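Protein chains in written order, with full-length UniProt numbering: chain A, 1 to 352; chain B, 1 to 352. Have a look at the structure below, then the notes.
2 protein chains.
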Amino acid sequence: MQGSNTQRKLTIQDIARLAGVSKATVSRVLNHRPSVNPSLRERVLRTIHEYGFIPNATATGLASGHTRLLGVLAPPLTWPAIPEIMRGVAEYIEGSPYEIVLYSISFERNHSDVLDRILSMSMVSGLLAILPGGLGRYLYQRFHLGLPLVVIDDQKVPAQVPRVGIDNVNSAYTATRYLLELGHRRIAHIQGPLHYLCSQERYQGYCRALEEAGITPDPNLLLQGSFEVESGQRCAETLFSRPRNAWPTAIFSANDQMAYGVMDVAERLGVRIPEDVSLVGFDDNMLSSHLRPPLTTVHQPFSDMGFKAVELLLNMLDSQHSKQQEECSIHLQLPTQLCIRKSSGPPYYLLS
Amino acid sequence: MQGSNTQRKLTIQDIARLAGVSKATVSRVLNHRPSVNPSLRERVLRTIHEYGFIPNATATGLASGHTRLLGVLAPPLTWPAIPEIMRGVAEYIEGSPYEIVLYSISFERNHSDVLDRILSMSMVSGLLAILPGGLGRYLYQRFHLGLPLVVIDDQKVPAQVPRVGIDNVNSAYTATRYLLELGHRRIAHIQGPLHYLCSQERYQGYCRALEEAGITPDPNLLLQGSFEVESGQRCAETLFSRPRNAWPTAIFSANDQMAYGVMDVAERLGVRIPEDVSLVGFDDNMLSSHLRPPLTTVHQPFSDMGFKAVELLLNMLDSQHSKQQEECSIHLQLPTQLCIRKSSGPPYYLLS
DNA sequence: TTGTATGCGTTATCAC
DNA sequence: GTGATAACGCATACAA
Chain A
1 MQGSNTQRKL TIQDIARLAG VSKATVSRVL NHRPSVNPSL RERVLRTIHE
51 YGFIPNATAT GLASGHTRLL GVLAPPLTWP AIPEIMRGVA EYIEGSPYEI
101 VLYSISFERN HSDVLDRILS MSMVSGLLAI LPGGLGRYLY QRFHLGLPLV
151 VIDDQKVPAQ VPRVGIDNVN SAYTATRYLL ELGHRRIAHI QGPLHYLCSQ
201 ERYQGYCRAL EEAGITPDPN LLLQGSFEVE SGQRCAETLF SRPRNAWPTA
251 IFSANDQMAY GVMDVAERLG VRIPEDVSLV GFDDNMLSSH LRPPLTTVHQ
301 PFSDMGFKAV ELLLNMLDSQ HSKQQEECSI HLQLPTQLCI RKSSGPPYYL
351 LS
Chain B
1 MQGSNTQRKL TIQDIARLAG VSKATVSRVL NHRPSVNPSL RERVLRTIHE
51 YGFIPNATAT GLASGHTRLL GVLAPPLTWP AIPEIMRGVA EYIEGSPYEI
101 VLYSISFERN HSDVLDRILS MSMVSGLLAI LPGGLGRYLY QRFHLGLPLV
151 VIDDQKVPAQ VPRVGIDNVN SAYTATRYLL ELGHRRIAHI QGPLHYLCSQ
201 ERYQGYCRAL EEAGITPDPN LLLQGSFEVE SGQRCAETLF SRPRNAWPTA
251 IFSANDQMAY GVMDVAERLG VRIPEDVSLV GFDDNMLSSH LRPPLTTVHQ
301 PFSDMGFKAV ELLLNMLDSQ HSKQQEECSI HLQLPTQLCI RKSSGPPYYL
351 LS
């Protein structure tokens, strides 16, 4: 027993012998080099197919200097958005010769050492970083040193670093405006953690909509959450423990998860949604439409984001290889969509 | 520009020169070979550390014949259980020198060619197959040919193939028994797709509990689902379109997703849960406790399953390397737990 | 167009 | 214990 599988693996040498050509020719055929006699190519291809030969990826990598592996640096997959993003990633990858090396990391601490190791091994030829948080700065350094990199979402990334995301300000603006148009005047906002740019941007959009409607954002209606369900519960408890006339008539949560927390508490306290309080989320996680009531929320095209990001990354790899590295800055902003469902409606005092 | 990063990568050769030893010695130090002079080892380690040298993974792989990559073959990550499993996988991996190559595949068709390609590239030194479905048979073949393989859940796998899963029969039995003890006599079952072994096993457990209670399973109360939310909706519509006295007083769904569908329809038709109908699911997906009402369900330790599976796989790789491949069959059955929440209660006719 | 020879960075097999 | 040197399987510059 020598490797994983018992029967000795075929090498390019074997195919060369079997087809009566040299290793070089087989290699050329495998790499679609144009300069090879059609009849020879045919013969080689036949033997390759006949014996089911597949070139050893490790050797290819060593000889060519670049692997067909793409690193994906991501938060734990249990974050609701990540599987959706990965679905898009997988979809694009499936039609490509690349595979995914998944670096699932908890980004709480600064794993810059981990990152160094990953990249120094020269195991992946490019990196897709999903919400890299504090690791961003290290990545951007490496990017400027030549690392093919695409970032998804949120960061205050240097303009040159290719990234895909959404327009958080406008999306939040649209959501808030929707509530205003329903007649709401007291709209609370549960904000995400401040070290996320998107938290600040969504808050901006919220404020802008309010101010446009002649409403000064009320600090008492701004709650600080952490994007987790529990934080939504805490914020809801804070709000609903106040005298009834101090309640908002609507709550705009910076993500769906915190909105779930609000719904939990509302249920427990007998606060009816949307009759007593309207609720709007952000993200449109998979289950948000199955909640009771179904959650009105801003849909993020996560799957598309993953898809486009990988597409971008692979294009970069190709163009890098053909030496025509372009210098323009790439920032894909994908459109979001407000999904109006049952958790929102006119304020109670406008109900007939 | 020659690679990803501009400055030329250090090689083992460079370190050897800098430390005044030969490549071989550096290699020995890197691989923790005992036979090397402590003072030399010290010197080599210092230069390695000083220059931040990290051996090239590709070259190591080619020379040694085995990579530090583990393949994970999995259904789309949007299946609710998968991220949970992957969390356990990632947790174990993080403490190991291995990395994960994620093969996210839709298992609808028989991608045995994909599998062949994956394995022939000899890029991964072991494979964790999560719910491989129809691909199983190919995998077991490869296993017997020497592929280090661990399977998670469900399959009718040959006894020799190491796998981790749960006891579906007993878990379903427990859930059904719980409903019986509440006083239910007409308990419907929404079954999963029949080509999943777990669907059949859960049905078995359901039947056994019923029969033990002297109840013959009623074919009219057996609905065929597909594990998707929509199928749960269809089944619920079927049930609730019957005359009220033909309704079940409880529904045991073979997974949580289908239970969500039931809740959707119940909400729409004004059927109260649990007052009119009790509902019990299976899986305990992350959001099941946040539904209204929170779903009573059988908790599967998905994260543990992923953790244990990788642990098993890495142990196999180690023992394979030291030629002591054991021949006993390994089947880890992890315990499940019935989580009783608000979606279940006594039948309406027993309510005070 | 095709074959030969060398290199990729490491491990493993020898002698010493 | 240590250092040359031959694999590992493929890509590629160079020669033919």
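All C-beta atoms in this analysis are idealised placements derived from N, C-alpha and C, irrespective of residue type, glycine included. Computed from a predicted model, the values in this text were never measured in an experiment.
Grouping DSSP H, G and I as helix and E and B as strand, with all else coil, what is residue i?
i: residue 138 of chain B; result: helix
i: residue 319 of chain A; result: helix
i: residue 249 of chain A; result: coil
i: residue 176 of chain A; result: helix
i: residue 131 of chain A; result: coil
i: residue 352 of chain A; result: coil
i: residue 46 of chain A; result: helix
i: residue 196 of chain B; result: coil
i: residue 160 of chain B; result: coil
i: residue 77 of chain B; result: coil
i: residue 36 of chain B; result: coil
i: residue 72 of chain A; result: strand
i: residue 82 of chain A; result: helix
i: residue 165 of chain B; result: strand
i: residue 215 of chain A; result: coil
i: residue 188 of chain A; result: strand
i: residue 21 of chain B; result: coil
i: residue 112 of chain B; result: helix
i: residue 94 of chain A; result: helix
i: residue 99 of chain A; result: strand
Can you tell me whether residue i is buried or exposed, with buried defined as 16 or more other CB within 10 angstroms of its CB?
i: residue 22 of chain B; result: exposed
i: residue 206 of chain B; result: buried
i: residue 337 of chain B; result: exposed
i: residue 34 of chain B; result: exposed
i: residue 350 of chain B; result: exposed
i: residue 235 of chain A; result: buried
i: residue 58 of chain A; result: buried
i: residue 171 of chain A; result: buried
i: residue 50 of chain B; result: exposed
i: residue 8 of chain A; result: exposed
i: residue 275 of chain B; result: exposed
i: residue 201 of chain B; result: buried
i: residue 145 of chain A; result: exposed
i: residue 156 of chain B; result: exposed
i: residue 162 of chain A; result: buried
What is the C-beta distance between residue i and residue j, in whole angstroms, given that I count them as a contact (C-beta under 8 Å)?
i: residue 69 of chain A; j: residue 91 of chain A; result: The pair is not a contact, with the Cβ atoms about 18 Å apart (cut-off 8 Å).
i: residue 343 of chain B; j: residue 303 of chain B; result: In fact, because the Cβ distance is near 23 Å, the residues do not count as touching under 8 Å.
i: residue 257 of chain B; j: residue 229 of chain B; result: 5 Å
i: residue 254 of chain A; j: residue 282 of chain A; result: 6 Å
i: residue 332 of chain B; j: residue 164 of chain B; result: 4 Å
i: residue 246 of chain A; j: residue 223 of chain A; result: That pair is no contact at about 13 Å.
i: residue 64 of chain B; j: residue 56 of chain A; result: Not really, about 13 Å apart at Cβ, beyond 8 Å.
i: residue 295 of chain A; j: residue 341 of chain A; result: 6 Å
i: residue 73 of chain A; j: residue 129 of chain A; result: 5 Å
i: residue 97 of chain A; j: residue 316 of chain A; result: Incorrect: roughly 16 Å between the Cβ atoms, too far for contact.
Hey, is residue i's beta-carbon within less than 7 Å of any beta-carbon in chain A?
i: residue 58 of chain B; result: yes
i: residue 162 of chain B; result: no
i: residue 6 of chain B; result: Unreliable positioning characterises residue 6 of chain B in this predicted model, as indicated by a pLDDT of 46, which lies under 50. The coordinate reading is nonetheless provided below. Yes, residue 6 of chain B counts as interfacial toward chain A.
i: residue 83 of chain B; result: yes
i: residue 341 of chain B; result: no
i: residue 86 of chain B; result: yes
i: residue 61 of chain B; result: yes
i: residue 197 of chain B; result: no
i: residue 281 of chain B; result: no
Kindly indicate if chain B contains any beta-carbon less than 7 Å away from that of residue i.
i: residue 175 of chain A; result: no
i: residue 267 of chain A; result: yes
i: residue 90 of chain A; result: yes
i: residue 100 of chain A; result: yes
i: residue 290 of chain A; result: yes
i: residue 137 of chain A; result: no
i: residue 120 of chain A; result: yes
i: residue 76 of chain A; result: yes
i: residue 117 of chain A; result: yes
i: residue 260 of chain A; result: yes
Could you pull out every unbroken beta strand (DSSP E) segment of at least 3 residues lying fully inside the stretch 270 to 347 of chain B, listed in chain order? 278 to 283, 296 to 299, 331 to 334, 337 to 339
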